[in-house]
Amino acid sequence: MPRRAAFTLIELLVVIAIIAVIAAILFPVFSRAREKARAATCLSNMRQLNSALAMYTQDNDEVFPGYAGTIKLLTEEQPPADTPIWTTFLMPYVRNEQIVICPSASNSKFAGVWRDRGSVSIGYNTHFGEWFTRRSDDTRSALRVTLAQMQSPSVNVTFGDSSSGDTDKVAANDPRGYGYKGYIISNWDTRSGGCGQPTVVNGGGDTLSDRHNGGTNLAFADGHAKWFPTSRLLPDGSPALPTENCFCVADRNPAKLKWLVVYACSTD
C-alpha cells in the first residue's frame, strides 16, 4: 500500500513559529491603526464641540461659557454638587452626549454636573472660567470671557484631551480637597502655589492626556483641531517678564500656543 504524505512534527512546529512571528509583527500595526481611527474620531468630536461653542457664544451675547455655572460661594472652595458644568451648556447645540468623550479614554462617560466632572475625557481650557475672589465681601464668582477678548483664535486653545477618572481619588491625595479632573485642561498647574508649574501629564488636576501615541488632540477658537506631541505643549520654563502677569508662563511653550485668554503677554 502506498505511503500517504503527511507533515512531520518539525514541519508543523516551523509553520506555527512562522505564524507567531507574523502575528507579532502585525498586531502592533493593527493596534496603531485602531488608535489612529480613535484619535480621528476624537478630533472630529472636538471640531463639533467648537461649532457648539461658537453657537452658544453668539446666543449668549458673545460671552463664552465658563467651565462651571455662574454661582456665588462664600468661603467654600467647592461649588454645590449639582452645579452644571460646560457640557450642559453646549448639549442643546449637539444633542449627543458621546461628543465629550474621547474613544481612546478609559473610565470616561458623559457628565453634566460638578459631582461627575471627572468622567469627561475632553476638557475645556480652564482659562475660560477661573474662580476668583471679590475681596470686598469674600464671595467667589466665575470669570467669563467675551468674544472681543479673543485676540488670537487660531492659536487659542479651547478643548483638548484630558485625564478622566474619579475625582474623589484626586481629592483624597490633596490636602486642599481639590478634585479637578476630566472636564478642564491646562498646560500648567495653577493650584501649585505662586505661578504654578508644568502640569503632570495624565495626573490629577486640570491636566492633559498623551493617550494618542504620546500626543494630545487640541481644538482652537477658530474652529480647527490638531494633534500635537504633548511635550511641546508644556511651558518651556521661561519666566514671565516683570511687566506681565505671571500667568504668562503658560504661553511660553514650544508649540507657541496661547492658553491664556484675558491676559496680554509678550508672546502674543
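Position one of the sequence shown corresponds to residue 29 (this note's numbering), numbered consecutively onward.
Positions of the beta carbon are idealized from the N, C-alpha and C atoms, including for glycine.
None of these values were measured; they are calculated from a predicted model.
For Phe92, which three-state DSSP category applies?
The answer is coil: DSSP assigns Phe92 none of H, G, I, E or B.
By DSSP, does Ile38 sit in helix, in strand, or in coil?
Here Ile38 sits in helix by DSSP.
Using the Cβ count rule (16 or more neighbours within 10 Å means buried), how would you classify Leu298?
Limits of the chain in this structure are 29 at one end and 296 at the other, which puts residue 298 out of reach.
Going by DSSP, what residues sit across from Ile113 in a beta bridge?
Ile113 is bridged to Ala96.
So Ala278 packs on Arg260, CB below 8 Å; how close in whole Å?
Contact doesn't hold; Cβ gap of about 14 Å is too wide.
Between the segment 112 to 127 and the segment 78 to 89, can you find at least three pairs of beta-carbon atoms closer than 8 Å?
Counting Cβ pairs under 8 Å, three or more are found: they touch.
How do the segment 178 to 188 and the segment 150 to 157 stand: do at least 3 beta-carbon pairs fall below 8 Å, yes or no?
As far as the Cβ criterion goes, the segment 178 to 188 touches the segment 150 to 157, which means the pair count is three or higher.
To which residues of the same chain is Tyr84 closer than 7 Å at the C-beta, ignoring the five residues directly before and after it?
So the list reads Pro93, Phe117, Leu118, Tyr121, once near-sequence residues are dropped.
In three-state DSSP terms, what is Asp87?
In this structure, Asp87 counts as helix in the three-state DSSP scheme.
For Arg123, does the count of other Cβ atoms within 10 angstroms reach 16, so buried, or fall short, so exposed?
Label assigned to Arg123: exposed.
Considering just the uninterrupted stretch of the beta strand (DSSP E) at Ala247, what are its terminal residues?
Segment 243 to 248, the beta strand (DSSP E) holding Ala247.
Does the separation of the CB atoms of Arg75 and Ala253 fall below 9 Å?
Yes.
Counting beta carbon pairs with one atom in the segment 221 to 239 and one in the segment 169 to 182, are three or more of them shorter than 8 Å?
Cβ pair count under 8 Å is below three, so no.
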